[in-house]
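Reviewing the structure listed below.
Residue numbers (this note's numbering), protein chains in the order written: chain A, 54 to 412; chain B, 54 to 412.
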């Protein structure tokens, strides 16, 4: 049985209506919808419209503020700290990235740490905002603790993604966007829905032992940092996740480590917060603060062409450039529609009923 | 048989004399020695005095300039590009980091890309320069192509390390410093010297197949990006290595990807360079450009204490904080001396003979 397919426009209209129903101003509802749907288009299904009802449940619990007063609380010529006022990360993050871009226009680079925010969708969207300004963009965020550092059985970090977007001239941009774990949580959700096992090295049991159960985190187990085990460098994945946590939350004044509030509304945030909400970190670097932009982009074309032309191992068609799979998926889904898992469809229908909207 | 042990002072005096013999001005010889020996102290033996004769061979080939005119060739309030004039990276990199720190003092953050440089020792040394200024420090560099991107049999990237140093209050600083491959090349060198096999996932054969031979790169094989294989996220390690390459070299105007000159003097640099020398990238962020430094550092103490106190898997004593092993090794070796592999000792003795210096 294949999943039902919806056009981008249908999903967009529905998400927009929902965001308006929970009280988002029209411009913010449009922005939140745009960010959310980019995940579906780019094939990162776990971060798209599948999360819509989750955002609504957080709003129900008054953990998401649909009319936030987002404001800069600290700044220098190249930096700022933004208080997201418990807004949707989908709205707070683009605002932060805009400020980073403005700072970069003025002094070459801009760096913005954000506190008091919520889940911001896909990191890649925000990093890519820099591209049209001939800037390199970076975005990272911390997230609910599901990941055990190397040697730990406790879950102290989120999947803490990093995105880096780099412009080229005639080639499409380089866009890396990845969780700092061996596998993103969304990949485990796919296995759960299909009743499949996970490879060894993605999750560990409550006691820290090996497991292939994609539901392991529901019984006290944990995701594993990129590297899978100590011998294969999981301490490096742990370093990456820790770096993202500290930049996103210790610099900004958000909650960090095990204090990050859970995304799911049925779990309460820790009663002893060390900061406000979740945290993000953004950067924008003007290319011509380093060298002429055209010169740089011509060399990026050369870099990309050379890597794309690399000789492959037998059975593999090509070496990918970061961003290739998502860009190709986006073109395909814009034309052919976006497949949704039946459970997601049920969830959206229920959401429609609640708000008296047809899905 | 245990390796012979030398005091820090003995190795330091010898390295200092050698750097002077090849014509480094006294202050630069002292700095190069300091950076080089920190690798030995911190237990990163592959990047320390074991490389001394390699630097000398590059100097012999006129690929290292011992009296470089290091200069800023482009800048903005928060950025600079530095031309290392073929100097030792051990000298060029600290100069770049000083500029990053000065920029951060003025506008909150400073970012310096470097071209026309050579191997810079351990990335962690340079990142840690920021700590005493209550700044976060970052350092990365590209390196000779030994790493095959996911699905590639060609070696297009170096082990391209990243270091991030973050100050705390009463706790020692957080210092992450790691190659973006599953295993650093130095770990393979150790296995080679001991005639041991490597775990699957560290290297691949010339055809891209699995291998346990630590000498695989000598017969056309390659190191593998962090993650080991596609299923365990090697494409993320590839993204990291690519990011380091682009920031270090495409931003600065150095050679990138397969055009990076080899560290070993017996291999000539590519005849069709795309830039000058190898490239580095450095960053410094003033903590109080985001929030008061004392407040931040107190939270870092809390972060570190919480992670250090995490419950461990059976058989493991503790969860490490990035920087713990190197700091402990450094204290031990400063007191008990630095063991050198007999092959390294032979190499240093030969170097001494060449320059009429006793080792």
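No residue lacks a Cβ here, since even glycine has one placed at the ideal position from N, Cα and C.
- The C-alpha of residue 56 of chain A is placed about 42 Å away from the C-alpha of residue 211 of chain B.
- 160, 161, 162, 164 and 166: these are the residues of the stretch 143–172 of chain A whose beta carbon lies less than 7 Å from some beta carbon of chain B, given in chain order.
- Per DSSP, reduced to three states, the secondary structure at residue 172 of chain B is coil, with no helix or strand assignment.
- DSSP places residue 234 of chain B in the strand class (E or B) of the three-state scheme.
- By the Cβ test, the stretch 379–399 of chain B is not in contact with the stretch 218–237 of chain A, since fewer than three Cβ pairs between them sit closer than 8 Å.
- Using a CB distance cut-off of 7 Å, residue 87 of chain A does not count as an interface residue toward chain B.
- Distances from the CA of residue 191 of chain A to each of A:171, A:207 and A:154 were compared; the closest alpha carbon is that of A:154.
- Taken in chain order, the complete alpha helix (DSSP H) segments of 4 residues or longer contained in the stretch 203–274 of chain A are 238–247.
- Rounded to the nearest whole angstrom, the C-alpha separation of residue 207 of chain B and residue 322 of chain A is 48 Å.
- Annotation: the stretch 100–172 of chain A contains the following complete segments of the beta strand (DSSP E) (minimum length 3 residues), in chain order: 124–129, 132–136 and 162–170.
- In this model, residue 140 of chain A and residue 108 of chain A are separated by some 11 Å (Cα to Cα).
- A contact is defined here as three or more CB-CB pairs under 8 Å, and the stretch 281–297 of chain B fails this definition with respect to the stretch 118–138 of chain B.
- By the Cβ-count criterion, residue 262 of chain B is exposed, with fewer than 16 other Cβ atoms from all chains shown falling within 10 Å of its own Cβ.
- In this structure, residue 353 of chain A keeps its C-beta atom at 7 Å or more from the C-beta atom of residue 61 of chain A.
- Under the criterion of beta carbons closer than 8 Å, residue 160 of chain B and residue 121 of chain B do not qualify as touching, at roughly 27 Å.
- If you look at residue 339 of chain B, you'll find it isn't in any alpha helix (DSSP H); it sits in the beta strand (DSSP E) that goes 331–339.
- With fewer than 16 other CB atoms across the displayed protein chains lying within 10 angstroms of its CB, residue 407 of chain B is exposed.
- In this structure, the straight-line span from the alpha carbon of residue 157 of chain B to that of residue 105 of chain A is close to 40 Å.
- The straight-line gap separating the alpha-carbon atoms of residue 240 of chain B and residue 329 of chain A is approximately 42 Å.
- Taking all protein chains in view, the Cβ of residue 91 of chain B is crowded by 16 or more other Cβ atoms within 10 Å, so the residue is classified as buried.
- For the 7 Å CB-CB criterion, residue 327 of chain A and residue 308 of chain A form a contact.
- The C-alpha of residue 238 of chain A lies about 18 Å from the C-alpha of residue 142 of chain A.
- Residue 360 of chain B and residue 373 of chain B have their C-alpha atoms spaced approximately 8 Å apart.
- For residue 274 of chain B, same chain residues with a beta-carbon under 8 Å away, outside a window of 5 residues either side, are 256, 257, 258, 259, 264 and 266 in chain order.
- One thing to note: residue 236 of chain B has its Cβ no nearer than 7 Å to the Cβ of residue 228 of chain B.
- Taking 7 Å as the cut-off, the beta carbon of residue 164 of chain A is found no closer than this to the beta carbon of residue 194 of chain A.
- Interface annotation, residue 112 of chain B: not in contact with chain A, CB-CB separation never under 7 Å.
- For the pair residue 183 of chain A and residue 216 of chain A, the CB atoms are not nearer than the 7 Å cut-off.
- By a beta-carbon distance limit of 8 Å, residue 405 of chain B does not contact residue 167 of chain B. Their separation comes to about 31 Å.
- By the 16-neighbour rule on beta-carbons within 10 angstroms, residue 389 of chain A is exposed.
- Residue state for residue 313 of chain B is assigned as coil, using DSSP reduced to three classes.
- Between residue 117 of chain B and residue 197 of chain B, the gap from beta carbon to beta carbon reaches 7 Å or more.
- Approximately 7 Å separates the beta-carbon atoms of residue 401 of chain B and residue 67 of chain B; this is inside 8 Å, confirming the contact.
- With contacts defined by Cβ atoms closer than 7 Å, residue 75 of chain B and residue 187 of chain B do not form a contacting pair.
- Per DSSP, reduced to three states, the secondary structure at residue 60 of chain A is coil, with no helix or strand assignment.
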